[in-house]
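Trainee: This structure is in structure tokens; I'll ask about it shortly.
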Amino acid sequence: DAAAALFNLCIYQGNKGRAIRAGLVPLIMGLVTNPTGALMDEAMAILSILSSHPEGKAAIGAAEPVPVLVEMIGSGTPRNRENAAAVMLHLCSGEHHLVHLARAQECGIMVPLRELALNGTERGKRKAVQLLERMSRFLVQQQEEQESQPQASAQVPPQATTEQVLENDITEQLDSPASQYPMVV
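So in our numbering, the last spot in the sequence shown is 337, and the numbers never skip.
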């Protein structure tokens, strides 16, 4: 079986880089995103192994994997759920972790992660808990950044006249996406 041979080759650290440079990641991502699910278990296991390599993490990250991985964490087989969580954990650490954390949040990862942390395999539970901790830190950081940014009303000087406040509000409205539509008076 070719998938088993690739898996066994990729276990050895020295072969991971070779496999990645040979273009294995796009092929594996094609299997993972294939709606028929052929070789899904093998593909997810190989992806998990390759995600532990810096080049593999970069190649996987470039393939926009987060929506597929979030879906897999929520509805895959127990083994695929743990492998998807392992890949997400690798993606959410290192150089581009904020991009992947933000995308995971957009895709609604928190509920499937909590469910995996409660009902997954032992490895799946560990990965889910680690990923939940990273997501929680990310969300706290995002909230703190939002709270530290001054509000539009706070930017108006206290001695501003009513006309200045209205002028600021109108300028903000004109700059907003809603200004594309005519106002009904």
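For glycine and all other residues, C-beta sits at the position ideal for the given N, C-alpha and C.
How is residue 273 classed by DSSP in three states: helix, strand or coil?
Mentor: By 1-based counting over the sequence shown, the position of residue 273 is 121. Three-state result, residue 273: coil.
Trainee: Do residue 232 and residue 200 have their CB atoms nearer than 7 angstroms?
Mentor: Counted from its first residue, the sequence shown places residue 232 at position 80. Counted from its first residue, the sequence shown places residue 200 at position 48. No.
Trainee: In chain order, what residues of the same chain have a beta carbon less than 8 angstroms from the beta carbon of residue 211, not counting five sequence neighbours either side?
Mentor: Taking the first residue of the sequence shown as 1, we reach residue 211 at position 59. Around residue 211: 172, 177, 178, 202.
Trainee: Out of curiosity, what's the CA-to-CA distance linking residue 271 and residue 255?
Mentor: Taking the first residue of the sequence shown as 1, we reach residue 271 at position 119. Taking the first residue of the sequence shown as 1, we reach residue 255 at position 103. Going by the C-alpha atoms only, they are around 24 angstroms apart.
Trainee: For residue 230 and residue 169, I'd like the C-alpha separation in whole angstroms.
Mentor: On the sequence shown, residue 230 is found 78 positions in, with the first residue counted as 1. On the sequence shown, residue 169 is found 17 positions in, with the first residue counted as 1. If I take the Cα positions, the gap works out to 28 angstroms.
Trainee: Select from 300, 207, 252 the residue whose C-alpha is nearest the C-alpha of residue 218.
Mentor: What you label residue 218 is simply residue 66 of the sequence shown in a count that begins at 1. Answer by Cα proximity: 252.
Trainee: Do you know how far the Cα of residue 166 is from the Cα of residue 266?
Mentor: Indexing the sequence shown from 1 puts residue 266 at position 114. Indexing the sequence shown from 1 puts residue 166 at position 14. If I take the Cα positions, the gap works out to 35 angstroms.
Trainee: Please look up how many angstroms separate the CB atoms of residue 240 and residue 283, rounded, as I've assumed it's under 8 angstroms.
Mentor: By 1-based counting over the sequence shown, the position of residue 240 is 88. By 1-based counting over the sequence shown, the position of residue 283 is 131. That pair is a contact at about 6 angstroms.
Trainee: Where do the N-terminal and C-terminal ends of the alpha helix (DSSP H) with residue 249 fall, by residue?
Mentor: Within the sequence shown, residue 249 is the residue found at index 97, counting from 1. 249-258 is the extent of the alpha helix (DSSP H) around residue 249.
Trainee: Let me know if residue 302 comes out buried or exposed under the rule of 16 or more other beta-carbons within 10 Å of its beta-carbon.
Mentor: Stepping through the sequence shown from its first residue, residue 302 is reached at position 150. The Cβ neighbour count for residue 302, taken over all protein chains shown within 10 Å, is under 16; the residue is labelled exposed.
Trainee: In its own chain, which residues sit with a C-beta less than 8 angstroms from the C-beta of residue 190, not counting the 5 before and 5 after it?
Mentor: Taking the first residue of the sequence shown as position 1, residue 190 is located at position 38. Closer than 8 angstroms at Cβ, skipping near neighbours: 183.
Trainee: May I ask which residues mark the beginning and end of the alpha helix (DSSP H) holding residue 225?
Mentor: Translated into the one-based positions of the sequence shown, residue 225 becomes position 73. Element bounds for residue 225: 218-227.
Trainee: Using the Cα positions of residue 192 and residue 198, report the straight-line distance between them to the nearest angstrom.
Mentor: Within the sequence shown, the letter at position 40 stands for residue 192. Within the sequence shown, the letter at position 46 stands for residue 198. Looking at the two C-alpha atoms, the distance is approximately 10 angstroms.
Trainee: Residue 156 to residue 181, Cα distance in whole Å?
Mentor: The residue you call residue 156 lines up with position 4 of the sequence shown. The residue you call residue 181 lines up with position 29 of the sequence shown. Taking the straight line joining both Cα atoms gives about 16 angstroms.
Trainee: Given residue 277, which residues of its chain have a CB within under 6 angstroms of its CB, disregarding the five upstream and five downstream residues?
Mentor: Residue mapping note: residue 277 aligns to position 125 of the sequence shown, counting from 1. Here the set comprises 269.
Trainee: When burial is assigned at 16 or more other CB atoms within 10 Å of the CB, is residue 222 buried or exposed?
Mentor: Taking the first residue of the sequence shown as position 1, residue 222 is located at position 70. Buried is the call here.
Trainee: Could you pull out every residue in the same chain whose Cβ sits closer than 7 angstroms to the Cβ of residue 242, ignoring the five residues on either side in sequence?
Mentor: Here residue 242 corresponds to residue number 90 of the sequence shown, with the count starting at 1. 203, 204, 209, listed in sequence order.
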